[in-house]
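Novice:
There are 2 protein chains.
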Amino acid sequence: MRKKNSTNSINEKYLHERCALNVAIDVIGSRWVSQIIFSISQGANRFHLMKEELPNISEQVLSRKLNTLEKQKIIIKKTIPDTIPLGVRYILTSKGESLLPIFESLCAWGKSYDLGA
Amino acid sequence: MRKKNSTNSINEKYLHERCALNVAIDVIGSRWVSQIIFSISQGANRFHLMKEELPNISEQVLSRKLNTLEKQKIIIKKTIPDTIPLGVRYILTSKGESLLPIFESLCAWGKSYDLGA
DNA sequence: ACAATAACTAACAAAATAGTGAGCTATAAA
DNA sequence: TTTATAGCTCACTATTTTGTTAGTTATTGT
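As structure tokens, then:
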């Protein structure tokens, strides 16, 4: 649980108010998140498919990240009718989709950085 | 100190190898970092100027972030000759500069997200 | 002598994030 | 009846990141 009045929280709030850049970074800046969004965009849009795509993630962590992304309206969770056991599909919202080109820029940046350029 | 063989570290490495996007996110995804880079780009390129720009940051944290950014070759530290006490100026490398347009995209994204669009 | 400034670092504590292992619901197939 | 699948959640520990407090070096101004 987050402490509402820790300096940590206060600073987070300060940065969010200072510039929306910090809001964006708090959304995409934690582990697995960008990879999950990318996986969904590539069709790995169900829990078990993501587990295959990201073999090192634990179910608990995957579940937490998906819940957070849902709260942030980056993804929407839809149950798939008439499936047994009941299936769930995750869909990117337009907000989520609009991150994809930014991910491409970051990826390109990271590649040239890796090469020491 | 980081533990080299924690699952945490192993997963970090896995993600870096998987896609350079994750490298980029590890660079810009921690607190204050984007704001520091932006401040330098705007001319707040000395320790005491950054403290003014970011009144809530502690000196220890600022120092740590600057050292990390230097190791990552995002910034370069230069002493200013003939200043007393000795001044230090931080300069963005081309790698650092090339983050600025990405920050703008993220900022724009964050703004529309804030508005609930 | 003492305070002030610039630019830190060290030792530590607090908070937050990431990961572990078990368990749950429901159905159906072997 | 046990096992399997899908999609989780709970209580917990480990690890990492953030923040706190005090102190350092060197020089000038009072």
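In order, the protein sequence lines correspond to chains A and B.
If you read the first sequence in our numbering, its first letter stands for residue 1, the second for the next number, and so on.
If you read the second sequence in our numbering, its first letter stands for residue 1001, the second for the next number, and so on.
Glycine included, each C-beta is placed from N, C-alpha and C at the ideal position.
#1: Does chain A have any CB closer than 8 Å to the CB of B/L1015?
#2: Taking C-beta to C-beta, are A/I25 and B/I1028 nearer than 8 Å?
#3: For chain B, is any of its Cβ atoms less than 8 Å away from the one on A/G43?
#4: Please decide whether A/R31 counts as near chain B, where near means a Cβ-Cβ distance under 8 Å.
#5: Would you say B/K1071 faces chain A, with C-beta separation under 8 Å as the test?
#6: Give the C-beta separation of A/S105 and B/S1105 to the nearest angstrom, bearing in mind that I take them to be a contact with Cβ-Cβ under 8 Å.
#7: Relative to the C-alpha of A/A108, which candidate in B/V1023, B/N1005 and B/S1009 has its C-alpha closest?
#8: Tell whether a beta-carbon distance below 8 Å holds between A/L86 and A/S41.
#9: Determine the chain A residues that contact B/G1096 at a beta-carbon separation under 7 Å, and present them in chain order.
#10: Using only CA atoms, which one of A/Y14, A/I74 and A/V61 lies nearest to A/F38?
#11: Could you tell me whether the segment 1047-1059 of chain B touches the segment 1004-1013 of chain B, using the rule of 3 or more Cβ pairs below 8 Å?
#12: Let me make sure I understand the geometry here. Which of B/E1012, B/S1094 and B/K1003 has the alpha-carbon closest to that of A/W32?
#13: Determine whether the Cβ of B/Q1035 lies closer than 8 Å to any Cβ atom of chain A.
#14: Quick one: residues in its chain with C-beta nearer than 7 Å to the C-beta of B/G1096, no 5 flanking neighbours on either side, listed in chain order?
#15: I want to verify the contact list: residues of chain B whose CB lies under 8 Å from the CB of A/L99, in sequence order.
#16: So A/G43 is in the alpha helix (DSSP H); what residue range does that whole segment cover?
#17: Name the chain A residues that come within less than 8 Å of B/V1023, Cβ to Cβ?
#18: Output yes if chain A places a C-beta closer than 8 Å to the C-beta of B/F1103; else output no.
#19: Taking the straight line between their C-alpha atoms, what separation do you get for A/K3 and A/E17?
#20: Please list, in chain order, the residues of the segment 39-69 of chain A that have any C-beta partner in chain B closer than 7 Å.
#21: Counting only C-beta atoms, is A/N5 closer than 8 Å to chain B at any point?
Specialist: Let me lay it out:
#1: For B/L1015, the nearest CB of chain A lies under 8 Å from its own CB, placing it at the interface with that chain.
#2: yes
#3: no
#4: yes
#5: no
#6: 7 Å
#7: B/V1023
#8: no
#9: Those within 7 Å of B/G1096 in chain A number zero; the least Cβ separation is about 10 Å.
#10: A/I74
#11: no
#12: B/E1012
#13: Yes, B/Q1035 lies at the interface with chain A (some Cβ there is under 8 Å from its Cβ).
#14: I1037, I1074 and I1075
#15: Contact note: A/L99 reaches chain B through W1109, using a C-beta cutoff of 8 Å and chain order.
#16: Premise fails: A/G43 is in no alpha helix (DSSP H) and is neither H nor E.
#17: By Cβ distance, chain A contributes G110, Y113 and D114.
#18: yes
#19: So the alpha carbons of these two residues sit roughly 19 Å apart.
#20: Against chain B - using a Cβ distance shorter than 7 Å - the residues of the segment 39-69 of chain A are N56.
#21: no
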